[in-house]
Amino acid sequence: MVRSFVLISGIVNNAYHKIKKKKKPRNASLSIQSLPNEVLVQVLARVASRSFDDLYSAKLSCKNFNESAQDDHIFEHVDISKFPLVSWRASEKRTRFLKRCRDLGNAEALYRQGMCDLFTSKRIEPAGIESLKRAASKGHVEATYVYGAILVCCGGDSRQKGLELLYSLNCHKSRGLSVTECRERIKELIWNTMWVNREVIGRIVEAHDENAAMKACNDCGDPQGPYTIKQGWDFDDHDKFSS
Numbered sequence: 001m002v003r004s005f006v007l008i009s010g011i012v013n014n015a016y017h018k019i020k021k022k023k024k025p026r027n028a029s030l031s032i033q034s035l036p037n038e039v040l041v042q043v044l045a046r047v048a049s050r051s052f053d054d055l056y057s058a059k060l061s062c063k064n065f066n067e068s069a070q071d072d073h074i075f076e077h078v079d080i081s082k083f084p085l086v087s088w089r090a091s092e093k094r095t096r097f098l099k100r101c102r103d104l105g106n107a108e109a110l111y112r113q114g115m116c117d118l119f120t121s122k123r124i125e126p127a128g129i130e131s132l133k134r135a136a137s138k139g140h141v142e143a144t145y146v147y148g149a150i151l152v153c154c155g156g157d158s159r160q161k162g163l164e165l166l167y168s169l170n171c172h173k174s175r176g177l178s179v180t181e182c183r184e185r186i187k188e189l190i191w192n193t194m195w196v197n198r199e200v201i202g203r204i205v206e207a208h209d210e211n212a213a214m215k216a217c218n219d220c221g222d223p224q225g226p227y228t229i230k231q232g233w234d235f236d237d238h239d240k241f242s243s
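Under the UniProt record's numbering, the final residue of the sequence shown carries the number 243; numbering is consecutive throughout.
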């Protein structure tokens, strides 16, 4: 709790002076609890984006923090990376929390939903592609990698956009992970965390493959879209986008 309070104190002045138009008198003291709610929400959002544990500690520290932490902006930015993708003992409270994060556009929540829609369903779900697109637009690194690879495999005008997304990962490494690191983390997520339906796994991450092909649904015969290319996902093929 002390750690989260110190972290909040370090963020307060920057957030406060960005929103507060009038300069604070030199002899005035600034209390965290006295901050306008809009400033406090911004501060807590910064804390939440770094650590869910720190946000939880902040909520326990005072009533104002607990109330402000219910703002939608917090749920959009909170770090949920510590929550398991699949939990057999997930409480109703946790389920509601993660659903709200997803509904409010939390990038990690959108990424997870997109991956589940793509690799655990009986067929490729267009909603999964859209979730990855939204997460990528928010700067989520792994989502950018997967969505970029999908676009490359689609060919046509989408290919160039996909290449730009993939190359951007190495051009802006300050955002997080390199292409190689992305691939390893995605591999870990799919093979060790998700209950994968192998019948619909396409080599969508094999971004150098230009032979994307339509695949008919086994049930209705309708095309699923140019996302399933070949059976299997080979993470050891080429490192074309790793340098």
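Where is the CB? At the ideal position from N, CA and C, for every residue including glycine.
Around the C-beta of residue i, are 16 or more other C-beta atoms found within 10 angstroms, so that it is buried, or is it exposed?
i	result
residue 87	exposed
residue 101	buried
residue 188	exposed
residue 193	exposed
residue 128	buried
residue 76	buried
residue 131	buried
residue 114	buried
residue 171	exposed
residue 92	exposed
residue 204	Residue confidence for residue 204 is low, a pLDDT of 47 falling below 50, so the modelled location carries little weight; the figure read from the coordinates is stated next. Buried.
residue 199	Because the pLDDT of residue 199 is 49, which lies under 50, any placement of that residue in the model is unreliable, and the number read from its coordinates should be weighed accordingly. So residue 199 ends up on the exposed side.
residue 94	exposed
residue 154	buried
residue 96	exposed
Among the options, which residue has its Cα nearest to the Cα of residue i?
i	options	result
residue 85	50, 77, 117 and 59	117
residue 40	59, 53 and 162	59
residue 73	170, 147, 163 and 37	37
residue 80	69, 92 and 48	48
residue 186	171, 55 and 144	144
residue 53	69, 142 and 42	69
residue 51	35, 63, 82 and 184	82
residue 181	171, 126, 78 and 141	141
residue 178	157, 146, 160 and 156	146
residue 120	190, 63 and 35	190
residue 42	57, 62, 61 and 71	71
residue 137	105, 57, 34 and 62	105
If I follow the unbroken alpha helix (DSSP H) through residue i, where does it start and stop?
i	result
residue 89	Here residue 89 belongs to no alpha helix (DSSP H), and DSSP marks it neither H nor E.
residue 64	63-68
residue 35	Run containing residue 35: none; DSSP gives neither H nor E here.
residue 128	126-137
residue 192	179-192
residue 120	Element bounds for residue 120: n/a, residue is neither H nor E.
residue 73	72-77
residue 161	156-171
Check this for me: beta carbons of residue i and residue j, under 9 Å apart or not?
i	j	result
residue 89	residue 107	no
residue 65	residue 98	no
residue 162	residue 151	yes
residue 139	residue 165	no
residue 110	residue 78	no
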